[in-house]
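In terms of the numbering used here, the sequence shown is residues 50 to 166.
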Amino acid sequence: MEDMIGRILVAFFAVVGLTELCRFVLFWLTRPGWEEKITVLVCVSGNDNRVEYRLRGALERLRWLRHTGHRELICVDCGMDRETRAICETFALANPSVRLCMATDLPETLNGEFANT
50 MEDMIGRILV AFFAVVGLTE LCRFVLFWLT RPGWEEKITV LVCVSGNDNR VEYRLRGALE
110 RLRWLRHTGH RELICVDCGM DRETRAICET FALANPSVRL CMATDLPETL NGEFANT
């Protein structure tokens, strides 16, 4: 019985290790070859109880890119309530690559990149 549990654990960790190895190789092969800035926008409105999870998920996706240039996450306030805004502000203070802006200020925040579109 103990031998069976050991084999199952070894098989489980082997699958996890192979999956992680495949992910690493895939991300290494498909890494971007540019050094420009990558910006991800997360639009938030109303009372969003899952806003912290959404922001953490978007920030983790940015980290997975293994991009050597500047990475930034912008949380766009599209009419969020006070509680949600307080969560976003706290998250932005704890993570230097996260900024918070109003939807009306988005063109200026993006340095005019989308102002002409």
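C-beta: ideal position from N, C-alpha, C; glycine also.
Note that the structure is predicted; figures quoted are calculated from it, not measured.
So what's Asp52 in DSSP terms, helix, strand or just coil?
helix
Pair within 8 Å by beta-carbon distance, Val125 and Ala152
Yes; because the gap between Cβ atoms is below 8 Å, this pair is in contact.
When burial is assigned at 16 or more other CB atoms within 10 Å of the CB, is Thr133 buried or exposed?
buried
Got a sec? Which residues, its chain only, sit under 8 Å from Met129 by beta carbon, not counting five neighbours each side?
Val93, Ser94, Gly95, Asn96, Asp97, Val100 and Cys137
Distance check for Thr139 and Val59, CA to CA, integer angstroms please.
Rounded to whole angstroms, the separation of the alpha carbons of Thr139 and Val59 is 41 Å.
Jot down the residue ranges of each uninterrupted beta strand (DSSP E) in the region 67-109, minimum 3 residues, whole runs only, in chain order.
87-95
Backbone CA spacing between Lys86 and Arg131 [nearest angstrom]:
30 Å
Alpha carbon to alpha carbon, how far is Arg33 from Leu78?
Beyond the ends of the chain as shown, which are 50 and 166, falls residue 33; an answer cannot be given.
Which runs of the alpha helix (DSSP H) spanning at least 4 residues fall entirely within the region 123-161, listed in chain order?
List check, alpha helix (DSSP H) in window: 131-143 and 155-158.
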